[in-house]
Structure formats: structure tokens, C-alpha cells
């Protein structure tokens, strides 16, 4: 029994010692932790004290500045009050002086008010004139641009007119040359005409044949058509038939592609003739015209003798007029209507 008690006490003692040791170690660790926390708190307190000192100094600076501002504001308020009072006194004095001036010089005051009104009117007119001048300046700018375009167009037109003038001068010179040639040719043609008329004077005086008529080349004489149609058709149809025949042959004569002659070669020479089988066996009394024309391309003058034998046949003889009026060459004979 005693041994058991001694064992229990020793065990308890060991356990107690171990616990105490643990407690001492834990207390040491806690003390260390507490010391560290105390140092941290001391550092925090030191920083806070520093910040508080800085803020206190700033507050003191702001208080001093605020005090100065309040002092300045008080001074400025006092000065403002003084200025307001002085302004009120000046206004009162001005009103009093103005009243005295109005009483003493009413005519001058009226003139002054009139001048002020005139000045205001002049200012308004000046503003209006400036606005109008600005608008006119813009309009002038547009007009200047248009004038530039128009001047370019005028220059172009002047160049074209110069070219046209040159062409016109050339045409005038050519026209004058052609007129001179035409006058010479007309003179020669009139001489040839006179010679031919004098040569055919005997033929025209024969009563059994119709007189010689003179007409221009390419224009038909309606009288032969009308006379033949009067003989061949009734009184209600002859006029229509005459017009139809005349129109038909007038169109054929004016057609440049229509050629009534037949070209034949005799002895290696080209002749214009109508085939013998197309010539009527009996030719009635002819009607004769003399026609004049000029071929501008070949520069030849033509003289034609046209003979109508009946209502269906036409005899035409063309002559080329050469400078020597004694030489007249026959170039064509009968063609069918």
C-alpha cells in the first residue's frame, strides 16, 4: 500500500512539474508576444502623436489664416460700406447737380438728350451699314468668281471669233474669186447666147414652127405639157395630167443619179445616143427651147437645145461652150420621156 501511494505522489509531482513547465514556457511566449504588441502599440501611438502634431500645426496655420482672412474681410466690408456711402453721396450730389443743371440749362439738356438719341440712331445705322457692307462684300466675292468664269468664256469666244474671222476672210476671198469668175463666165455665156440667138433668128421667124424660147437649165416649161394634154385628154382631166407629167419630169431632171442618155463607143470615141429602136418612126413638129447651165466641178458652161416632139418624146442636144466661141461641141441627143 505505501508503495502505491508513493508512486501516485511521484506521478502527480511529475505531472505537476510538466504542467508548470508548460505554463512557464507559455507565460514566456505570452510575455514575448505582449512585449511585441506593446512595441507595436507604442510605435502606433508615436505615429499618431506625430500626425496629431502635424494636424494641430495645420489647424493653427488655418486658424491664423482664417483670422487674417476675417480681418481682411472686415476691412473690405468696412471699405465697401465706405464706398457705398461715398457712392450714395456722389449719386445724391449728381442728382442734385443734374437737377440744378436741368433747372439752370433746360435747353442744353434737351440738346444733350437729342444728341444722345441721334448718337444711338447713328450707331444703329452704322451697325446696319456694316451688315450691308458685309453682305455686299460676300456678293462681290461671288460676282468676282462669276466674272472670272465669264472672262474665261469671253476669251474662249474671242479665240473662236478670231478663227471664224479667219475663216470668214478666206470665204470672202473665195467668194470674191468665184464672183469674178462668175462675172467672166456670165459675160462669155451672154455673148454665146447672143450669138446663138442671132444664128437661130431665121429658124424662129419660120411660121410653120413655134418660136424659140429661152429658159434656165433644170426648169421645165409647163406650156408644152399643157398644150399636149389639152389635145389628148378631156376638159376635166387635162390639167391634172399636165401637172403629173410636169412634176414627173421635173423630179427626174433634179435627180442627180438619173441619166437619160445611153453611152456608146464609135471609132474608139465615147458618144451619148439613144438606141435606134427607141426613136419614134415619125417625129411631129418640134417645140424648141434654149437652156443655159454651168458645171462648177468641171468648170464648163453648157448650152442645151430642147425639142418636144410629142407628149411622149423629148429631144435634147447639149453643147459645151469653150473659150473660142466658134467651137461648139454637141454631146447628147434624143432621150425618152
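Numbering (full-length UniProt numbering), first residue to last: 1 to 337. No residue lacks a Cβ here, since even glycine has one placed at the ideal position from N, Cα and C. Values in this document were obtained by computation on a predicted structure and should not be read as measured data.
Under 8 Å between C-beta atoms of residue i and residue j
i           : j           : result
residue 246 : residue 233 : no
residue 242 : residue 222 : yes
For residue j and residue i, the rounded distance between their alpha carbons
i           : j           : result
residue 61  : residue 54  : 10 Å
residue 14  : residue 32  : 27 Å
residue 95  : residue 87  : 12 Å
residue 17  : residue 36  : 28 Å
residue 67  : residue 134 : 58 Å
residue 376 : residue 100 : The shown model of the chain, from 1 to 337, leaves out residue 376, and the question about it has no answer.
residue 175 : residue 168 : 10 Å
residue 71  : residue 122 : 51 Å
residue 26  : residue 40  : 21 Å
residue 252 : residue 184 : 31 Å
residue 316 : residue 230 : Because residue 316 carries a pLDDT of 46, less than 50, the predicted location of this residue cannot be relied on, and the following value inherits that uncertainty. Roughly 23 Å between the two C-alpha positions.
residue 116 : residue 98  : 16 Å
residue 153 : residue 140 : 19 Å
residue 189 : residue 159 : 43 Å
residue 173 : residue 181 : 12 Å
residue 42  : residue 65  : 34 Å
residue 124 : residue 157 : 48 Å
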